[in-house]
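Line by line, the protein sequences are chains F and X. Going by this note's numbering, the first sequence opens with residue 653, and the numbers climb by one from there. Going by this note's numbering, the second sequence opens with residue 471, and the numbers climb by one from there. In what follows, a single structure is set out as structure tokens and then discussed.
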Amino acid sequence: MKTVIVFKWAKNPQDARVSADGSVDWRSAKMSVSDDDAAAAAVVLDIAGDGDIVGLTLGNGDATWAAARGASSTVSVTDAEPNADSAATAAVLAAGVRHIGEADVVVVGDCAWDQMVPVSLAAQLGWPALAGVLSATPEGDHLRVTRRTAAGAQVVDVSTPVVLVVAARRAEQTTPGMKQVLAARKKPLEKVTTATLGVTHDCGVRVRGTELPEATVARVIDGTDPAAAVEQLLAALRSEGVL
Amino acid sequence: MNMDSWIIVTEDGPIAGMVAAARGLGGSVTAAVVGSRALADAVAVTGPDTVRWFATDDVVPPEAIAGRVADEIAATSPRVVLSLGNPAARVLLAVAAARLGAAVVNSVPRLTTEADAVVITRPAVEDKVVETLEVAGALAGVFDGEDVEQGTPVAATVSAVPDADVRASMRIVETTTTGGESAGLLQADRVVGVGLGIRRKDDLAMVEELAAASHAEIACSLPLSDDMRWYDASHVVGTSSSQISPDLYIAVGVSGQPQHMSGVRNAKVVVAINNDPDATIFKKCDYGILGDLYQIVPALTAALKET
Chain F
653 MKTVIVFKWA KNPQDARVSA DGSVDWRSAK MSVSDDDAAA AAVVLDIAGD
703 GDIVGLTLGN GDATWAAARG ASSTVSVTDA EPNADSAATA AVLAAGVRHI
753 GEADVVVVGD CAWDQMVPVS LAAQLGWPAL AGVLSATPEG DHLRVTRRTA
803 AGAQVVDVST PVVLVVAARR AEQTTPGMKQ VLAARKKPLE KVTTATLGVT
853 HDCGVRVRGT ELPEATVARV IDGTDPAAAV EQLLAALRSE GVL
Chain X
471 MNMDSWIIVT EDGPIAGMVA AARGLGGSVT AAVVGSRALA DAVAVTGPDT
521 VRWFATDDVV PPEAIAGRVA DEIAATSPRV VLSLGNPAAR VLLAVAAARL
571 GAAVVNSVPR LTTEADAVVI TRPAVEDKVV ETLEVAGALA GVFDGEDVEQ
621 GTPVAATVSA VPDADVRASM RIVETTTTGG ESAGLLQADR VVGVGLGIRR
671 KDDLAMVEEL AAASHAEIAC SLPLSDDMRW YDASHVVGTS SSQISPDLYI
721 AVGVSGQPQH MSGVRNAKVV VAINNDPDAT IFKKCDYGIL GDLYQIVPAL
771 TAALKET
């Protein structure tokens with residue numbers, strides 16, 4: 653199966669700078685991989701078999717991440733930035749998938765930083781999608797996908813094309829070694845722009861601004877005297893009406 | 471200006487809160503319920519005007535009929551479509567959004583209208599700021615605000631949407647339920663959460679005694695299940711596990727990592743017991759006791775038993 657892995661399409665909010673006036677500066681924040689990207693890469697290796705794996709990423713960061721994890725080549729949309737309208741970000745990714753062409757499966761991490769981009773990517777491709785995916789195995793030209801549900805887990809048989817949105821259970825277990833990292837730099841990297849992809853999706857969301865939240869300072873009780881601390885806590889909880 | 475809205479429901483959650491948020495726009499509220507008749511009936515008493523029920527069974531996952539649900543929604547050209555953040559609902563929301571050409575917003579705790587615009591205020595950048603967004607056209611958003619008490623338990627009419635030929639691109643072949651306890655955790659009014667501040671497995675008895683004394687369910691952070699194997703996965707609360715909304719969450723030896731705290735974002739009151747004054751959780755709780763949990767927890771258990 654020809655598989656596209658979408659990676660490094662969001663910025664880590666930990667890298668944003670918040671000023672005293674509540675404004676946010678994203679300039680120093682690079683495009684980041686999340687734990688979910690790594691989980692997605694692991695799923696890709698399980699389903700790709702002999703098929704080609706192509707990486708797809710946004711922005712101008714280091715684009716060799718997927719190539720060090722099995723991708724034979726990578727497409728980077730260099731002038732695209734994450735958008736407050738998840739549909740606008742997804743439109744760029746969908747154009748990237750169409751540009752790569754003839755993919756059977758698109759695998760993307762179910763990112764807590766923007767949980768609507770991966771599913772919107774599927775919707776804009778017009779492909780079926782499953783989110784909350786934990787693992788997948790090929791079965792003929794179908795896939796057996798295990799995904800989490802509120803009550804436990806489910807195995808779903810899906811035909812292709814399909815978008816699998818993978819949720820990490822934990823941080824990446826085996827990071828690539830120096831050999832894979834060096835080899836990844838020699839693999840083909842195609843740089844494209846939103847203009848060459850013909851992306852015309854307008855942003856439907858206007859950010860009016862940001863401000864600092866009202867200070868909700870926790871009341872921290874000194875626990876040196878446990879009995880007294882507990883008494884204070886219980887009094888507070890009773891006045892909150894939760895005991 | 472059209473302020474009609476739809477909500478998409480595939481499983482239980484703070485649905486009355488979502489209906490109330492949609493209701494605040496001033497237009498009609500229609501619920502698309504994808505699942506069992508029992509779920510449709512439960513949604514009918516949370517305050518929508520009408521409920522459209524799309525039946526699924528043990529074989530058809532909600533995602534398999536995303537196109538049909540989107541057709542039904544798009545036919546009425548609503549201004550706003552909301553869903554909860556569970557995986558199946560997000561897939562359906564995205565398809566409806568694409569059909570409507572709607573802007574998509576990944577976190578919508580509160581909605582208001584100003585003239586013709588829909589305005590969203592929400593925490594952003596890991597809760598360090600409050601962001602205000604404005605949407606001039608159609609909006610599809612993930613509701614992650616608080617639940618409300620249901621004021622009018624008058625049931626809306628539930629009408630079943632007839633089965634259409636489902637394109638068999640998806641089929642459920644196996645369903646496993648991990649422990650019967652997770653349902654209890656999801657519904658619980660009080661929850662005691664355990665983190666890596668607990669040193670030995672034997673010490674969990676102390677925490678379980680606190681849970682018993684406070685009539686609480688037990689939850690844990692991911693490492694206690696995945697690395698230590700002290701609890702099975704149904705107890706894990708966090709980003710890619712269960713999201714809970716108890717009145718009271720007592721975090722014992724929990725550092726407060728975002729991956730865990732996102733699972734208790736909708737708890738009414740969060741209490742932290744931790745001996746590290748720099749622990750992140752002291753910035754994310756309502757009350758904290760800075761001290762040795764091995765002294766505080768037994769003292770709290772004893773005090774709760776007396777009351």
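Quick reminder that beta carbons are idealized off the backbone N, C-alpha and C, glycines included.
What residues in the stretch 763-776 of chain F have a beta carbon less than 9 Å from any beta carbon of chain X? Ala764, Trp765, Asp766, Gln767, Met768, Val769, Pro770, Val771, Ser772, Leu773, Ala774, Ala775 and Gln776
Please determine, among Gly663/X, Met471/X, Leu694/X and Gln713/X, the residue with the shortest C-alpha to C-alpha distance to Val741/X. Gly663/X
What beta strand (DSSP E) runs, 3 residues minimum, are completely inside the stretch 551-631 of chain X? 573-578, 580-584, 587-594, 599-605, 609-613 and 627-630
Any idea what DSSP makes of Gln806/F, helix, strand or coil? strand
Residues bridged to Met683/F [DSSP beta-bridge criterion]: Lys663/F
Going by other Cβ atoms of all chains shown within 10 Å of its Cβ, with 16 needed for buried, is Ser475/X buried or exposed? buried
Tell me the residue span of the alpha helix (DSSP H) that contains Arg493/X. Ile485 to Arg493
I'd like to know if the stretch 564-572 of chain X and the stretch 586-593 of chain X are in contact, where contact means that at least 3 CB-CB pairs between them fall below 8 Å. no
Closer than 9 Å to chain F by CB, Ala689/X: no
Would you decide whether His685/X is buried or exposed? Buried here means 16 or more other CB atoms lie within 10 Å of its CB. exposed
Under the three-state reduction of DSSP, which class applies to Ala721/X: helix, strand or coil? strand
Check whether the Cβ atoms of Gly748/F and Val727/F sit closer than 9 Å, and answer yes or no. yes
So the beta strand (DSSP E) His751/F belongs to, where does it begin and stop? Careful: His751/F lies outside any beta strand (DSSP E), inside the alpha helix (DSSP H) at Ser738 to Ile752.
Does any C-beta atom of chain X lie closer than 9 Å to the C-beta of Thr789/F? no
From the DSSP output, in three-state form, read off Glu651/X for me. Below a pLDDT of 50, predicted positions are generally treated as unreliable, and Glu651/X, at 47, falls in that range; the measurement from the model is reported next regardless. DSSP places Glu651/X in helix when its eight states are reduced to three.
If I follow the unbroken beta strand (DSSP E) through Lys838/F, where does it start and stop? Counting along the chain, Lys838/F falls outside any beta strand (DSSP E), though it belongs to the alpha helix (DSSP H) covering Met830 to Lys838.
At a CB-CB cut-off below 9 Å, which residues of chain F make contact with Phe752/X? Ala870 and Val872
Just reading off the beta strand (DSSP E) that Val499/X is part of, what are its end residues? Val499 to Gly505
Could you tell me whether the Cβ of Asp482/X comes closer than 9 Å to any Cβ of chain F? yes
The alpha helix (DSSP H) enclosing His685/X, as first and last residue numbers: Taken as a continuous stretch (DSSP letters only), His685/X belongs to no alpha helix (DSSP H), as it is neither H nor E.
Just by C-beta distance, which residues in the stretch 691-725 of chain X are closer than 7 Å to chain F? Leu692, Asp696, Thr709, Ser710, Asp717 and Leu718
What is the DSSP secondary structure of Ala781/F, reduced to helix, strand or coil? strand
Glu754/F touches chain X at which residues, Cβ-Cβ below 9 Å? Correct list: empty, because the minimum Cβ distance to chain X is about 18 Å.
Val706/X, buried or exposed, once every other Cβ within 10 Å from all chains shown has been counted against 16: buried
Ile743/X versus Met471/X - alpha carbon distance: 50 Å
Return the residue from the list Val869/F, Gly703/F and Glu892/F that minimises the CA-CA distance to Glu754/F. Gly703/F
Contact between the stretch 874-891 of chain F and the stretch 603-614 of chain X (3+ Cβ pairs under 8 Å): no
Among Pro813/F, Thr789/F, Ala694/F and Lys682/F, whose alpha-carbon lies nearest the alpha-carbon of Arg822/F? Ala694/F
For the 8 Å Cβ check, are there 3 or more pairs between the stretch 683-699 of chain F and the stretch 716-732 of chain F? yes
In chain F, which residues lie with their C-beta within 8 Å of the C-beta of Gln765/X? Gly875 and Pro878
Could you tell me whether any Cβ in chain F is nearer than 9 Å to the Cβ of Gly665/X? no
Excluding the five sequence neighbours on either side, which residues of its own chain have a C-beta within less than 8 Å of the C-beta of Glu619/X, listed in chain order? Ala486
Asp731/F and Ala819/F look like a contact to me (Cβ under 8 Å); what is the Cβ gap, rounded to whole Å? Asp731/F to Ala819/F, Cβ: 29 Å. No contact.
Under 7 Å Cβ to Cβ from Ala510/X, same chain only, skipping five residues before and after it: list those, please. Val503, Val521, Trp523 and Val628
Can you give me the start and stop residues for the alpha helix (DSSP H) that Glu776/X sits inside? Leu763 to Glu776
Where Val624/X falls, given that 16 or more other Cβ within 10 Å makes a residue buried: exposed
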